[in-house]
Amino acid sequence: MDVRGRGLTAGTIAFFAGFAAVALFGTTTLKISPILHLTLVESSWLVAIPLVTGAFLRIPFSLLVDKLGKHTLTIQLVIGLIGMIGIIFTLEQIKTLPSGIVYGLLLFFGALAGTGISTFSSGITYVSYFYPQKKQGTALGIYAGLGNTAPGIFTVILPFALASIGLVYAYVAWAIFLVIMIIIYNIIAINPPFIQYIKEGKNWEEAKALALKEGYDVIPAESLSASIKRSAKNPVTWALVFMYFTSFGGFEALTEWLPTYWKGFLHVTPIEAGLLTGVVYSLITALIRVYGGYMSDKVGGELVSTISYSIMIVGSLIFIFSYALPTSILAEIIMAIGMGIANGAVYKLVPKYSPDAVSGSSGLVGGLGSAGGLLIPPTMGYIASITNFPMAFTVFFSISIVSTILSMVLWVKYAKSHVIQYKETNATHKEAHVK
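Residue numbers (this note's numbering): 973 to 1407.
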């Protein structure tokens, strides 16, 4: 396996492992809420806490890749493992400890376990440094597409695990799985070339020149503060944050919302709701992201994102007017296609518009964008409570329109001039190196 292949494989393994445990938290809440007599608000926090830490820890850990390289993802996975072990201990003591202490411990260890989810942005940064810009879409599409299959796969597996070994031992099995993945990751993982040059004693300019010579044109900023400042000052970063809020935040939101929609509105069985959400929706969204990244390399992320968010508009409109299972399944599939392709396109654009600040931009886009998974479901719930289930999808209709417009603006206002500027800058680098 070559250097790039090892970087991509290691990053994908880490993200898949860190993201896999997401499927457990909702089930945990359903099981223990009656035992602890939790209110709806308390139950909601228990479900949300790993998603909160998983979202906002993406920013600092993404930045740390510039300094710690491959070890960043190991740290995240180990913290996530500690959280899993803590949850196992707490669940074993659920009948002996006071309910308030059990609830507090589950919140704390759930927050730690959520650190595994934050591997997304640090993994994006890590994998980006192994590939030139022209191949970023395909590489990051494979990374995120395969990694994102974890919730869908484990949503299908989980009911069988719970039925055969119970909740506590389901966590034990997941903890063992995580240990194995950490070991495999550390066997395969290597530092990106630029970071390896720095560790060998080269200064920033020397490492940059060597990386550019070998075709690695995505370079870390001189410092962590420079990376985050450049990203925050770049208006394109904030456009990408909103676009990712719509597609990936929307992906997380519908993963949470669709089971309620299927059961509460169309009255399917819990098993059918799980299959419709975990397989039909989640896996399609994840796998088609690979194609979205590939097409973004071929025709440009701006064009692909414009088309994909337009597809989401169509899907949300069908949901709004659907009162039957077949048309709702059609809407779900259309939404999954649009979201998956959009996710691949957005992360093609992150290193394109922030080639010298990928860690900061990846952290902001991945961290703040994933907040959609926290904000969209309660908004849809409020709309559904005052109107009906179909009207809740007006949220997606609205934000998909805005994201389509932003994608078009990126192409018209930024893309062409940016391509010209990038080619001129790259030519200057090569000319300077020849001299």
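The beta-carbon is built from N, C-alpha and C at its ideal position, and this holds for glycine as well.
Rounded C-beta distance between residue i and residue j? I'm assuming under 8 Å.
i, j, result
"leucine 1248", "tryptophan 1234", "6 Å"
"phenylalanine 1166", "alanine 1183", "4 Å"
"serine 1199", "serine 1331", "5 Å"
"glycine 1287", "glycine 1310", "6 Å"
"glycine 1086", "leucine 1008", "With 8 Å as the limit, glycine 1086 and leucine 1008 do not qualify as a contact, their Cβ atoms being about 20 Å apart."
"proline 1131", "glycine 1246", "7 Å"
"tyrosine 1169", "isoleucine 1060", "About 42 Å; that fails the 8 Å criterion."
"valine 1213", "leucine 1336", "6 Å"
"phenylalanine 987", "phenylalanine 1149", "14 Å between Cβ atoms; not a contact."
Taking C-alpha atoms, which residue in the options lies nearest to residue i?
i, options, result
"isoleucine 1047", "Thr1062, Tyr1157, Ser1326", "Tyr1157"
"alanine 1211", "Phe988, Phe991, Ser1375", "Ser1375"
"phenylalanine 1080", "Ile1051, Tyr1354, Lys1106, Phe1237", "Ile1051"
"isoleucine 1152", "Trp1176, Leu1049, Ala1225, Lys1180", "Leu1049"
"isoleucine 1004", "Leu1347, Trp1146, Lys1067", "Lys1067"
"glycine 1187", "Gly1222, Tyr1101, Gly1138", "Tyr1101"
"methionine 1307", "Thr1127, Phe1368, Phe1361, Asp1328", "Phe1368"
"glutamate 1224", "Ser1203, Ala1245, His1239, Tyr1253", "Tyr1253"
"leucine 1139", "Gly1221, Lys1205, Leu1063", "Leu1063"
"isoleucine 1021", "Gly1041, Thr1000, Asp1038", "Thr1000"
"proline 1123", "Val1276, Leu1275, Ile1285, Thr1227", "Thr1227"
"proline 1231", "Glu1274, Lys1039, Val1128", "Val1128"
"serine 1015", "Gly1072, Ser1370, Phe1126", "Gly1072"
Could you spell out the range, first to last residue, of the alpha helix (DSSP H) harbouring residue i?
i, result
"asparagine 1158", "1121-1160"
"leucine 1346", "1344-1358"
"glutamine 1408", "Since the first residue of the chain shown is 973 and the last is 1407, residue 1408 is not available in this structure."
"tyrosine 1386", "Premise fails: tyrosine 1386 is in no alpha helix (DSSP H) and is neither H nor E."
"phenylalanine 1220", "1207-1236"
"threonine 981", "975-992"
"glycine 1332", "1330-1341"
"histidine 1043", "1043-1064"
"valine 1099", "1091-1100"
"proline 1032", "1030-1040"
"phenylalanine 1081", "1071-1085"
"phenylalanine 1365", "That residue, phenylalanine 1365, is in no alpha helix (DSSP H); it is neither H nor E in DSSP."
"leucine 1010", "Here leucine 1010 belongs to no alpha helix (DSSP H), and DSSP marks it neither H nor E."
"glutamate 1186", "Run containing glutamate 1186: none; DSSP gives neither H nor E here."
"lysine 1171", "1165-1171"
Compute every distance between the C-beta of residue i and the non-hydrogen atoms of the ligand SAM, then say whether any falls below 7 Å.
i, result
"glycine 1287", "Absent from the structure shown: the ligand SAM. Ligands present: none."
*Run through the stretch 1243-1298 for me and flag every whole alpha helix (DSSP H) of 4 or more residues, listed as ranges in chain order.*
1256-1271, 1273-1293
*asked:* Taking 8 Å as the cut-off, does the stretch 1314-1324 touch the stretch 1266-1286 (at least 3 CB pairs, one atom from each stretch)?
replied: yes
_Would you call the stretch 1252-1266 in contact with the stretch 1105-1125, where contact means no fewer than 3 C-beta pairs closer than 8 Å?_
yes
_At least three beta-carbon pairs within less than 8 Å, the stretch 1323-1342 to the stretch 1021-1031_ = yes
*Is the stretch 1077-1095 touching the stretch 1171-1180, taking contact as three or more C-beta pairs under 8 Å?*
no
*Pair every Cβ in the stretch 979-988 with every Cβ in the stretch 1091-1105, then say whether three or more of these pairs are closer than 8 Å.*
Because the criterion of three Cβ pairs below 8 Å is met, the stretch 979-988 and the stretch 1091-1105 touch.
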